[in-house]
Amino acid sequence: MSRLTIYKNNHKDSTVISNLFIDLYMEDANDAQIKVYLYLLRMMDAHQATSVSDMADKFNYTEKDVLRALAYWEKRQLLDLEYDGAQNLTGIHIRELSPQSGTEEECNVPMASCFVPSSAAKLQSLSPAPSDAVSGKVVAAFVSAPAEIPSYEKPSYSADQLQEFKNQEGTAQLLFIAESYIGRPLTIGEMKTMLYFMDVLHFSDDLIDYLLQYCVDRDKKDFRYIEKVAVSWAEQGITTPKQAQKSASKYDKNVYAIMNGLGKSGVPTSAEMDYITRWLKEYHFSTDIIMEACDRTVLATDTHRFQYADGILSSWKAQNVRHKSDILQIDDMYQQRKKNTGTTQQRQSVNRFNQFTQNQYDFDQLEQELLSN
């Protein structure tokens, strides 16, 4: 059999992603960082201009989120940020990936910028986009973009700094909580990471507590993983456990499965998230049991579905349901009780007019009395 030639009609509507990016960079990047970088590549390939505010609007981020993502990729040496004398962001050069860049070595081969700088002179110094694509963008360049981008680089703490941290009020309790979650005493390096959470990331005790709980619940007790999650939260501007919970719910497939099961779309509200957390964490129900309750809820009501489903699951919790087979047994028992109740009511209905004391008659004697009259 002859070989087949595979081709497509349109070769333009695509963006090429380097395998080096997938292999070396994507794993450690968070959602916002990946989206921003891919969007930059897409706009560059299309010779179109964009801005921080454009990307923030497109992905429903804040401008600070976008700037943090850009600073992250600059630190990873995938791009260069250019500023004017007032420290306003004016342009971006996307570097060409090479095996050397994957090892963090210097790479001086910039690619065409897809950002519009804030002046015509700056525009000429970069690879410009076509005039029709740039139209209307120059005015909306980065003149108002904040230049302050926090750095989350982890310091090398000395023994004295660590000792000072351990002597602070509340630190002993925080370290005890961490050791309880991890299940062993913390190493010196892990204590320094706890100091980093408070010193650089400015996490509160409550947020660190939730961070540890969040990671341990996912069977992740490695402090390198915990640190990556912490930095990701800091880059997203997360400062409270509630914000962290809301952010985490975006990536929990179980949460979205339950939302879809109840006919809901989008990110759950705080009240809805409280219900879902109760079913998963407090009741310890598996997703298939929760989905069974969702199916029954949708068939029963169009309103207050979370409350209705919570009623079902609370009942199953009280009856010690652990598997779907337990639900089938409960259903069988319910049907049997319903059947027995119906039979009893029917029997009572048939005998409704027979519930009086019946007299005993001697019909032979009555016949003699009638003949004698």
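All residue numbers in the sequence shown are consecutive under this note's numbering, ending with 373. Just so you know, even glycine gets a beta-carbon here, dropped at the ideal spot from N, CA and C.
* Check whether the Cβ atoms of glutamine 236 and aspartate 65 lie closer than 8 angstroms to each other. => yes
* To do: On a CA-only basis, which of Leu328, Ile182, Met44 and Met259 is nearest methionine 291? Give me that one, please.
  => Met259
* Bridge-paired residues (DSSP) for leucine 89 -> Tyr83
* Asked: Leaving out five residues before and five after phenylalanine 59 in sequence, what residues of the same chain have Cβ atoms less than 6 angstroms from its Cβ?
  -> Lys35
* **DSSP three-state assignment for tyrosine 152, whether helix, strand or coil** => coil
* Helix, strand or coil at phenylalanine 285 according to DSSP, with G and I counted as helix -> coil
* Exposed or buried, what is leucine 25 when buried is set at 16 or more other beta-carbons lying within 10 Å of its beta-carbon? -> First, the residue type needs correcting, since residue 25 is tyrosine and not leucine in the sequence shown. Counting Cβ neighbours within 10 Å, tyrosine 25 comes out buried, since at least 16 surround it.
* To do: Below 7 angstroms CB to CB, which residues in the same chain sit around cysteine 294 once its five sequence neighbours on both sides are set aside?
  => Ile258, Gly261, Leu262 and Ala309
* Please look up how many angstroms separate the CB atoms of proline 241 and aspartate 206, rounded, as I've assumed it's under 8 angstroms. => 6 angstroms
* Report yes or no: do three or more beta-carbon pairs, one from the region 158-169 and one from the region 180-200, lie closer than 8 angstroms? => yes
* To do: Check each candidate in Val52, Trp316 and Ser158 and name the one with the smallest Cα separation from isoleucine 330.
  => Trp316
* Are tryptophan 73 and tyrosine 37 close, meaning C-beta to C-beta below 8 angstroms? -> yes
* By a C-beta neighbour count over all protein chains shown, 10 Å radius and 16 as the cutoff for buried, is threonine 103 buried or exposed? -> Legend: pLDDT at threonine 103 = 43, less than 50; position of this residue unreliable, value from coordinates given subsequently. Looking at its Cβ environment, which holds fewer than 16 other Cβ atoms inside 10 Å, threonine 103 is exposed.
* To do: Check glutamate 105 in the structure and name its three-state DSSP category.
  => Here the model assigns glutamate 105 a pLDDT of 40, short of 50, so the residue's position is not dependable, and the following value carries that caveat. Correct three-state label for glutamate 105: coil.
* Is it right to say alanine 170 is buried, meaning 16 or more other beta carbons lie within 10 angstroms of its own, or is it exposed? -> Note that residue 170 corresponds to glycine in the displayed sequence, not to alanine. The residue is exposed, with fewer than 16 neighbouring Cβ atoms inside 10 Å.
* Asked: Between which two residues does the alpha helix (DSSP H) harbouring methionine 26 extend?
  -> From DSSP, methionine 26 is part of no alpha helix (DSSP H); its letter is neither H nor E.
* Asked: Which two residues bound the contiguous alpha helix (DSSP H) that contains threonine 316?
  -> As written in the sequence, residue 316 is tryptophan, which differs from the threonine given in the question. Its alpha helix (DSSP H) spans residues 305-318.
* Asked: With respect to the alpha helix (DSSP H) encompassing arginine 224, which residues constitute its N-terminal and C-terminal limits?
  -> 223-235
* Should phenylalanine 285 go down as buried or exposed, given a rule of 16 or more other Cβ atoms within 10 Å for buried? -> buried
* To do: Taking the CB atoms as reference points, tell me whether alanine 234 and tyrosine 152 lie closer together than 8 angstroms.
  => yes
* Hey, how far is the Cα of arginine 184 from the Cα of leucine 211? -> 17 angstroms
* Starting from aspartate 217, follow the alpha helix (DSSP H) in both directions and report where the run begins and ends. => 205-217
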